[in-house]
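Worksheet: the structure to be examined is printed underneath.
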Amino acid sequence: MSGDTGEEEIDGLGMNVRVKEFLFRSRTAPARTTTQAAHVRDRKFNGSTAAMAAAYGVTPRTVSRWIDGTRKPVKYADRLHRDATEVQTTARGRERKAREMEARGDRSGIGARVGRANTFQIRGSDAVRARDVYLDLTGAQVADLARATEESQVQDIIKQALADYFNGGSVYGGFSADDFDFDINDVDYTGN
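Residue numbering for the sequence shown is 4 to 195, as defined by the working numbering.
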C-alpha cells in the first residue's frame, strides 16, 4: 500500500491534542510508540490491525511491527500521537469535564494565549504587533473545547473567543469569528 492516504496531515500535534492534554492532564498519550500503536488499534479501530493499516495507508504487517517494537512509525509519529491522545478520553469523560466547566460560568479560570504577530487578520488587514492576545475563556467555551473532537471545532471556539475579546464581549458586536485567522500551533492554554 502507498503511504499517501490523500488526507491533509496536520504539522505537529495540533490544537485538539494540546487542548486534551491540558484539560485531561492524567490522560495524555503513552510515551512509547509501541503502546500508542496498541492503544490506537484497540480503542479506535476495535482491535483491527487491517483497519488501522488502511487508515494510515500502510500494510497490516507495518502496524504489527509498530506494536511489537521492531519498527518505528517515523513518518506517522505525530498522527499516531494525536490518535493516541484522542483515545485516552472517553465521550463520558469529556462530557463530565464539560459539565464541570459549564458550572464555572463566565469565569472558568482557564485562558488561552494566541500569538498575535502575523498570526491572524482582521477584515483583510494584518494585525501585526509584537504582543500576544490573552483570552479569558468562559465555562461554556471550555466546555465546548472539552467536547470537541476535531481541529476545526477547536479553531472555531478560539476564533469566537477572539471575536468576543475584540468586541469587548459578545454583546457589542462588530467582529465575528470569521474575521479571524491564526496559526493553530501558536495557541497555549493556562489555568486550572
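Yeah, the Cβ is synthetic: ideal placement off N, Cα and C, and Gly gets one too.
Quantities reported herein were computed from a predicted structural model and do not represent experimental measurements.
Given residue i as reference, the closest of the options once Cα atoms are compared
i	options	result
Leu83	Thr36, Arg28, Ala180, Thr65	Thr36
Asp181	Gly194, Asp159, Asn170, Tyr192	Asp159
Gly142	Ala101, Glu154, Gln156, Phe27	Ala101
Asp86	Ala41, Ala115, Thr62	Ala41
Thr92	Thr52, Ile70, Thr38, Ala151	Ala151
Ala164	Val77, Asp109, Gly50	Asp109
Glu98	Ala53, Ala58, Phe27, Ile161	Phe27
Glu105	Leu140, Ile161, Arg116	Leu140
Ala79	Gly50, Ala34, Gly60	At residue 79 the sequence reads Tyr, which differs from the Ala that was named. Of the listed residues, the one whose Cα sits closest to Tyr79 is Gly60.
Gln39	Ala54, Ile70, Ala58	Ile70
Ala34	Arg107, Ile161, Asp81	Asp81
Contact check, residue i vs residue j, beta carbons under 8 Å
i	j	result
Tyr168	Val190	no
Val43	Ala56	no
Met18	Val145	no
Asn170	Phe183	no
Leu138	Gly114	yes
Thr88	Val20	yes
Val90	Lys23	no
Gly96	Gly194	no
Ile187	Glu153	no
Val117	Phe185	yes
Closer than 8 Å to chain C by CB, residue i
i	result
His42	Annotation note: the requested chain C is absent from the structure, which comprises a single protein chain.
Identity of the residues DSSP links to residue i by a beta bridge
i	result
Gly177	Bridge partners of Gly177: none, in fact.
Arg116	Tyr137, Asp191
Cβ-heavy atom distance, residue i to the ligand FAD, below 7 Å
i	result
Asp182	The ligand FAD is not part of this structure, which contains no ligands at all.
### Message
Restricting to runs no shorter than 4 residues, where is the alpha helix (DSSP H) found entirely within the stretch 23 to 78?
### Response
36 to 42, 52 to 59, 63 to 71
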